[in-house]
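Okay, structure first, notes after.
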Amino acid sequence: SGLNLRELERNIEKFGKEMIEYNQTAVYRYMLPIKRTVSDLILSTDDPLEIARNNWEQNNFLKLALEENSLVVLCDIYILGGIVAYIYGKYDLAVGFVQKRHELEKKMWRTTFLFGVTAFYDGLI
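If you count the sequence shown from 1, you need to add 3 to reach our numbering.
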């Protein structure tokens, strides 16, 4: 059935701290979109305060990726954000993420396929 999301979140936190401790900051940055996605999947609430807090964190994360000009991280944010939006039935938001990713990929020397995940969800969205 898979790993419990709360347990996965704890493991991500643990390994994230170890990555920083061992000066693996590049790997840590690439892991952040997955951390964000797990958090989004756990959140699944209609509580306006939780949504506002999550949106604030998401905006800060996007801002950091843009400031660092980390196109791969930004692309992963759009890919995983689209998947989460699709899972929760927010199809317009999912389409927006796909469109942003397509625009971003025009600036990249290669696209991210995430082992076929992008093609699968692009087809659904």
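Glycine included, C-beta positions come from ideal geometry on N, C-alpha and C.
Predicted, not measured: the structure shown is a model, and the values here were computed from it.
### Task
Starting from the Cα of T115, find the closest Cα among N63, Y33, N14, Q61 and give me that residue.
Y33
| Considering only residues of the same chain and omitting the five flanking positions on each side of L44, which have a CB-CB separation below 7 Å? | L8, V87
* Hey, quick one: how far does the alpha helix (DSSP H) through N14 stretch, first residue to last? -> 8-24
- Measure the C-alpha to C-alpha separation of K38 and K20 and round it to an integer number of angstroms. 12 Å
Proximity to R13 [Cα-Cα], best of Q27, L107, V41, K66
V41
Between which two residues does the alpha helix (DSSP H) carrying Q102 extend? 94-108
Tell me the residue span of the alpha helix (DSSP H) that contains S42. 28-46
### Task
Report yes if the CB atom of N97 is closer than 8 Å to the CB atom of G85, and no otherwise.
Strictly speaking, residue 97 in this sequence is Ala, with Asn absent from that position. A contact, by the Cβ cut-off of 8 Å.
Inset, instruction - Identify whether I90 lies in helix, strand or coil by the three-state DSSP scheme. - result: helix
| Alpha-carbon spacing of T121 relative to V75, whole angstroms | 14 Å
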